[in-house]
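Only one structure is covered here, and it is reproduced in the block below.
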Ligand code: NOJ
């Protein structure tokens, strides 16, 4: 009972302005509680709850607090410390009904400790590691008074020109769906209402990863079968895992902007999937309905959005401005507004805020003395997760691991790049706390370090690109050029290389190149860096490329030039240490690509699980009217699921327990995994299935399961997978999810291409 006093219900009951004096509902009963509260709210108070504002440094705090106290704001994002949020919650507690605020943030891959970017997390194929990153992010964010994150982003992305590929978990529906569930559970911990957890708001619903041409914010046009089969399952997995929120995508789908799409939001999400949580618009998306050309003006935009069940409007004022008039004119009903308010209050209830508005804000005397204190970071965990996410793409002549006694030249614009190491959407991460590759290698080498450093090149020599990258940064330019000429930089690096036994070149993209709005027409490493690589190659010294980038790059030429390539994506606060661990062999790399690396941008799309076609490319038969680009080799540079190790693995003795499967039965697929090399290491054994004939064309193969297994040098293990009818189901032309009898190929491999195969019949 004492806690109920916090709600202000008693206070409001005593207030003469209260419309109906009702007995406070028991806090244990969410629906009754929310309904009771709603009975006491004025229209303005209701509409106030639907407003989500971004807090910028320039915004007058006093005015915001006044607005909150007047009941005009439901929540904020981008205010991220207890000291900042407490006065706002205090203001909410001064409001008539004392409805608590919630505080949101884009906690995508870490909060203060930055973990590898999502595409890198996916490269670990390690659900425990991924879950750990999410759990720590939630703990750190909750300790900073945050209640909800706009994550996970589970948009399947098959077009690496799209800059937000970096924020997702890759091209494969099954892998992304698995991670979606893991991330939601990690963020929400023992419950979104617990003090060390935050609510997950899955995004961007829906199909944002399929924007035409990989150009951000562009349209999506997609068949229903493809939607259901390939793109929708990850959102569904997040919702099934209990995600309390959904962020609605900025794109349109088959001609209807998601923000106005009643089919998407009501028929699919709520009716078909049973989602009962909070739907938040993306930034300014309600206003953008005018730009999309489906709303004449703000009034119509607000009407479309509220009708589609967009509960909170992010950073536009249209709901506040237009809903009262629309209601008065009978163009919307009270129920439309009430549904939205109910969802906002319900989410606040689920976040535990009615029980205690200060659940995550805590008491002032317990605030951290230094928000950025080292002691608040989780470095050991970040380092471990980061090294699990690194993918060894090439290792000719065992160039790696490096000998610590070797003389190493470290070159490249990303060798000392603390901001880039964190990747985009780095939440509250601080560049000063991130370990660069230079730092990590220097530390690993200790006193014996003979590391010679030279920058070698700027990120880009293209002024237009540089201006774009720096336009993204509000405070200070993120990409700072070395003013010396390109040739002087290269000469310095070549000199360094000549005095070394081996060259390590940290090259790729700056983090802003793989970010929201950062779509690219080519996937090359920028020319300035390619010139550097060429010059380094010419020295004849062994060349190791450490790639940093947020999307697959087309590195055909660099692959030919380099002796070894380590894909490190953007690996977070502890990136430099993690990469050094792998470079020096203190950790044996085990990451696998969650997305295909094309040979060239012209090959896109290159995702491995494409549909079967009538004239598939037939190797060794040129000019034979099969599907190919005649001017390049067919197939990817590196396939989905690929990644090397410092040891070798073999798969032998694949067997199926039967050549038939009953609809209610089980089939065992097994294979002998052997570590044939000289080091202990982890392999990812991948199970793919192909539905050979069906009522519709089916993918050439689809990932259905995998296991990450550690084996000592020389050790063997039989790996088992269970296959049931569920693994064979798909959405047919009538969108019925069912398996069809017939032949299925089962493939097991260490990547999606190099597989052994057996078949069975579904009866
Ligand atoms: C726009 C982005 O599309 C979305 O992912 C993000 O959550 C919001 N801005 C808030 O920062």
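Numbering (the numbering used here), first residue to last: 1450 to 2212. Glycine included, every Cβ here is placed at the ideal spot set by N, Cα and C.
Beta-ladder partner(s) of residue i, from DSSP
i: residue 2001; result: Per DSSP, none; premise fails for residue 2001.
i: residue 1598; result: 1554, 1649
i: residue 1903; result: 1860
i: residue 2194; result: 2139, 2208
i: residue 1944; result: Paired residues: none, contrary to the question.
i: residue 2118; result: 2105, 2170
i: residue 1932; result: Per DSSP, none; premise fails for residue 1932.
i: residue 2179; result: 2187
i: residue 1503; result: 1526
i: residue 1890; result: Partner(s): none; residue 1890 has no beta bridge.
i: residue 1559; result: 1563
i: residue 1720; result: BP columns for residue 1720 are empty, so no partner.
i: residue 2124; result: 2098
i: residue 2130; result: 2160
Whole-angstrom distance between residue j and residue i, CA atom to CA atom
i: residue 2125; j: residue 2184; result: 46 Å
i: residue 1905; j: residue 1874; result: 27 Å
i: residue 2199; j: residue 2122; result: 10 Å
i: residue 2050; j: residue 1608; result: 9 Å
i: residue 2202; j: residue 2057; result: 8 Å
i: residue 1621; j: residue 1797; result: 33 Å
i: residue 1743; j: residue 1668; result: 13 Å
i: residue 2129; j: residue 2031; result: 13 Å
i: residue 1856; j: residue 1894; result: 11 Å
i: residue 2114; j: residue 1623; result: 22 Å
i: residue 1528; j: residue 1719; result: 30 Å
i: residue 2026; j: residue 1828; result: 10 Å
i: residue 1704; j: residue 2014; result: 43 Å
i: residue 2196; j: residue 2120; result: 10 Å
i: residue 1937; j: residue 2082; result: 37 Å
i: residue 1966; j: residue 2108; result: 50 Å
i: residue 1845; j: residue 2011; result: 9 Å
i: residue 1592; j: residue 1551; result: 14 Å
i: residue 1470; j: residue 1488; result: Only weak support exists for where residue 1470 lies, its pLDDT of 40 falling under 50; the coordinates are left without a value.
i: residue 2091; j: residue 1617; result: 18 Å
i: residue 1612; j: residue 2141; result: 35 Å
i: residue 1918; j: residue 1664; result: 16 Å
i: residue 1457; j: residue 1594; result: Low per-residue confidence applies at residue 1457: pLDDT is 35, beneath 50, and the placement is therefore not dependable, though the value from the model is reported in the following sentence. About 21 Å.
i: residue 1990; j: residue 2159; result: 33 Å
Spatially closest choice to residue i from the options, by CA coordinates
i: residue 1479; options: 1620, 1631, 1801; result: 1801
i: residue 1892; options: 1788, 1934, 2024, 2068; result: 2024
i: residue 1961; options: 1869, 2014, 1689, 1879; result: 1869
i: residue 2006; options: 1779, 1718, 1847, 1979; result: 1979
i: residue 2204; options: 1897, 2134, 2189; result: 2134
i: residue 1935; options: 1762, 1908, 1793; result: 1908
i: residue 1963; options: 1914, 1952, 1929; result: 1914
i: residue 1585; options: 1884, 1638, 1566; result: 1638
i: residue 2022; options: 2085, 2000, 1879; result: 1879
i: residue 2033; options: 1553, 1592, 1890, 1674; result: 1890
i: residue 2215; options: 1675, 1604, 1579, 1925; result: This structure cannot speak to residue 2215, because the chain is shown only from 1450 to 2212.
i: residue 1971; options: 1899, 2111, 1555, 2003; result: 2003
i: residue 1725; options: 1973, 1662, 1790; result: 1790
i: residue 1867; options: 1810, 2035, 2019, 2118; result: 2019
i: residue 1695; options: 2078, 1604, 2189; result: 1604
Range covered by the beta strand (DSSP E) that runs through residue i
i: residue 1539; result: Run containing residue 1539: none in the beta strand (DSSP E); it sits in the alpha helix (DSSP H), 1531–1543.
i: residue 2028; result: Looking at the DSSP string, residue 2028 is not in any beta strand (DSSP E); the run it does join, the alpha helix (DSSP H), is 2024–2032.
i: residue 2013; result: 2013–2016
i: residue 1841; result: 1840–1844
Any non-hydrogen atom of the ligand ATP within 8 Å of residue i CB
i: residue 1967; result: What this structure holds is the ligand NOJ, not the ligand ATP.
For residue i, the first and last residue of its enclosing alpha helix (DSSP H)
i: residue 1429; result: No information on residue 1429 is available, as it lies outside the stretch 1450 to 2212 that the chain covers here.
i: residue 1487; result: 1479–1488
i: residue 1498; result: 1492–1498
i: residue 1631; result: 1622–1637
i: residue 1920; result: 1912–1920
i: residue 1585; result: 1576–1592
i: residue 1775; result: 1767–1777
i: residue 1755; result: 1747–1756
i: residue 1738; result: 1737–1741
i: residue 1954; result: Segment 1951–1957 is the beta strand (DSSP E) holding residue 1954; no alpha helix (DSSP H) there.
i: residue 1794; result: 1783–1799
Neighbour flag for residue i against chain B, beta carbons, 9 Å
i: residue 1731; result: You won't find chain B in this structure, because it holds only one protein chain.
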